[in-house]
Amino acid sequence: MDELDEPALLVAERIFAGYVRGVDVLAGCGLLLNEGELVGVIGPNGAGKSTLVKAMFGLLRVRTGRVTFRGRDVTNEPAHKLVAKGIGYVPQRQNVFPTLTVEENLRMGTYLQPKEFTRRAEAVQELFPVLAQRRNQKASSMSGGERQMLSMGRALMMEPDVLLLDEPSAGLSPRFQDQVFERVREINATGVAILMVEQNARRCLQICDRGYVLDQGTNAYTGTGLELLHDEKVIELYLGTLARAR
Amino acid sequence: MRVHLVLATALAQGDEVPQGPGFLDRALQALVDGIQFGAIIAITAVGLSLIFGTTHLINFAHGELVTIGAVVAFFLNVGAAGPGWHLIPSAAVAIVIGALLGGLIERGMWRPLRKRGVGLINLFIITIGLSLLLRHIVLVFFGTRPQSYREYDIQQALDLGPIGITPRDLIIIALSVLVLLGVAFLLQRTRTGTAIRALSSNPDLAEASGIDVNRVVLIVWVLGGGLAALGGVFYGLTEIITWDMGFRLLLLMFAGIILGGLGSAYGAMVGSFVIGIVAQMSSLWFPIDLQNAWALLALIVVLLIRPQGILGQRERVG
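Sequence order for the protein chains is A and B.
Mapping of the first sequence onto our numbering: position 148 corresponds to residue 133, and the numbering continues sequentially without gaps.
So the mapping is simple: our numbering equals the position in the second sequence, first residue as 1, plus 7.
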């Protein structure tokens, strides 16, 4: 982990956290994200992938361990302060404000910088044209895929340095999954570092610079996306033998 | 009915024969009374609804915020040890105190309890205890005797065709509507208002969007406390000030909120007006003591037809 020269953008070290007293869902896992990188976290159900992202983003108390952003300790800082520092987060479920219009959803994205709304809304709507078409509709009227776009758009309104995506493809049709992964790459290409948690392991590793395999709250494997995709053990344990067939 | 109307017109033009007003006139009068009662319920219920929407807390002590508003204004207005101010500045101070009290309860009690992770049911029981405590504190200082404000107590009703309304009641309705429009403007057109709606819609995402949730909840409590106090003054003006007046209004507030659609501030407004109007109009046919029972019956009937309430929305799933 320490072989890189410049300090990483976002680092989580030996994180212990959980929802119930005495039960650690995360048992000492960690990861790092460099400037402009696209990093994926994969692993079986219940491995603690989403939990790790929540703990890093201040939505779940870190019991022990350390989260640093740009070298500064941000462990257990409330989420709204991390947003102000340049970290964006897209939750897996309930990722929009259903009773608000699409435009109001985006407006909440610039809650901390209301003057920037107009300019950034234009940029976000260029990336996600569907948001411009449906700007005055309630978010509750949108499909799962459209909500994912809206939620990413909302998170991008703050022009974050880091975007944390919690299973962006979950529950979407294959067509929408493709779109989501395409957008993730596009966003990353603009210089935003992305940490993506995915149950769709193969697709995730195909587009990621690096990947982490999480198992039972600890790091099982680490490597570049390609290395992991072709690692016999990772295939055997996490990608499934179907993957080998291809 | 037509014969009746003709007769009424003839009577109005001609001889002053003493006779009670016709049914239509009484109905119109009850409607106006109902709108006024509904407006008072709405002003108090909006705050209760916003508190529920943003924190999911069922604030059983909201009635006491109403009572305290009315009683503080009473103390400043006619209290033996009070300054004997005119009602208008007394009401203004009562609103400020209600707002501060709302903020204080949130800051001193609910926020620490939330932070400790106390469950919603436990918090609900605590609000019942708080309600009892506050009500009895009021009882100690105010006593059981019903009281009235010094000003605007007895007024000559303005004769508007079939309806008689005192300038006091007219102003209460007008001010209530203005205040409700103000709340709607706040919710719809301001950054804080949108944040309140966002928080009601999805608390975790609100936090993840950079909204300081605790700050927004504090604003909601301050707003709710102030509105409850204003409603209390209005209620004390139209009826009478008693130590448990807010508690008696509480069930109607809940009814208005549920009828309108739980979690929607506009639903609370609409629902409250319906409850107020049904309560007053039921007295056309039934004993006035039963008017709240009829309002609650209306609630049950509406929910049977529209379980999500008048403005409540069923969410798209998936």
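Glycine residues also receive a C-beta, built at the ideal position from the N, C-alpha and C atoms.
Predicted model, so just to flag it, every value in this text is computed and none were measured.
Proximity winner among LEU187(B), LEU94(B), GLY136(B), relative to LEU57(B) (alpha-carbon distances):
LEU187(B)
Over what stretch of residues does the beta strand (DSSP E) that includes ALA178(A) continue unbroken?
First-last of the beta strand (DSSP E) with ALA178(A): 178 to 182.
Using a Cβ cut-off of 7 Å, pull out every chain E residue sitting near GLY94(A), in sequence order please.
Here chain E cannot be found, since the structure's protein chains are A and B.
Give the interface partners of TYR74(A) over in chain B, defined as CB-CB distance under 8 Å, in chain order.
Those are ALA215, listed as they occur along chain B.
Every unbroken alpha helix (DSSP H) inside the stretch 35 to 88 of chain A [4 residues or more]
64 to 70
Reference GLU212(A); option with closest CA among GLY56(A), ALA174(A), LEU(-5)(A), GLY25(A)
Minimum Cα distance to GLU212(A) is reached at GLY25(A).
Is the closest heavy atom of the ligand MN to the C-beta of GLY130(A) under 7 Å?
Summarising the ligand content, the structure contains no ligands, and the ligand MN is consequently not present.
Shortest alpha-carbon distance to ILE72(A) belongs to which of GLN36(B), GLY217(B), TYR242(B)?
GLY217(B)
Between the alpha carbons of PRO314(B) and PHE261(B), how many angstroms are there, rounded?
15 Å
Does the Cβ of GLY115(B) have 16 or more other Cβ atoms within 10 Å, making it buried, or fewer, making it exposed?
Around the beta carbon of GLY115(B), fewer than 16 other beta carbons lie within 10 angstroms, which makes this residue exposed.
Chain B beta carbons: is any one of them nearer than 8 Å to that of ASN61(A)?
no
HIS143(B) burial status per 10 Å Cβ neighbour count (16 or more: buried)
exposed
Compare the C-beta of GLN79(A) against all C-beta atoms of chain B and say whether one is closer than 8 Å.
By this cut-off, GLN79(A) is an interface position.
Distance CB(ALA40(A))-CB(LEU18(A)) smaller than 8 Å
Result no, Cβ atoms of ALA40(A) and LEU18(A) do not sit closer than 8 Å.
Cβ of LEU212(B) less than 8 Å from any chain A Cβ?
yes
Across which residues does DSSP place GLU(-2)(A) in a beta bridge pair?
The partner list for GLU(-2)(A) (beta bridge, DSSP) reads ARG51(A).
For the alpha helix (DSSP H) holding ARG195(A), just list the boundary residues, first then last.
It is not in any alpha helix (DSSP H) - ARG195(A) instead sits in the beta strand (DSSP E) that spans 195 to 200.
Would you mind working out which of THR203(A), ASP200(A), LEU224(A), ALA178(A) sits nearest GLN191(A), comparing C-alpha positions?
LEU224(A)
Runs of alpha helix (DSSP H) wholly within the stretch 237 to 275 of chain B (minimum 4 residues, chain order):
Complete alpha helix (DSSP H) runs here, min 4: 252 to 267.
Inter-residue Cα distance where the pair is ILE65(B) and THR134(B)
The straight-line gap separating the alpha-carbon atoms of ILE65(B) and THR134(B) is approximately 8 Å.
Measuring CB to CB, does LEU130(B) end up less than 8 Å from LEU72(B)?
no
Taking 6 Å as the limit between beta carbons, can you name the residues of its chain near ILE112(B), skipping five residues before and five after?
Closer than 6 Å at Cβ, skipping near neighbours: no residue.
Span of the beta strand (DSSP E) holding ASP166(B)?
Counting along the chain, the beta strand (DSSP E) containing ASP166(B) begins and ends at 165 to 167.
Got a sec: is the Cβ-Cβ distance from ARG4(B) to anything in chain A below 8 Å?
The structure shown does not extend to residue 4(B), since chain B is modelled only from 8 through 325, so no value can be given for it.
Hey, would you say MET93(A) sits closer than 8 Å to PHE102(A), going by beta carbons?
Contact flag unset, no.
ASN129(B) versus chain A: which residues are under 9 Å apart at the beta carbon?
Against chain A, the beta carbon of ASN129(B) has no neighbour under 9 Å; the closest one sits roughly 17 Å away.
Three-state secondary structure (DSSP) of GLY7(A):
coil
8 Å Cβ shell around HIS11(B) - same chain, five flanking residues per side excluded
Since pLDDT at HIS11(B) reaches only 47, below the 50 mark, its modelled position is unreliable, and the value read off the structure follows with that caveat. Counting only Cβ-Cβ distances below 8 Å, and skipping sequence neighbours, we find GLY29, PHE30, LEU31.
Quick one: Cα of LEU148(A) to Cα of GLY60(B), how far?
When rounded, the distance between both Cα atoms is 29 Å.
Taking buried to mean at least 16 other C-beta atoms within 10 Å of its own C-beta, is ARG123(B) buried or exposed?
exposed
Burial state of VAL38(A) (16 or more Cβ within 10 Å)
buried
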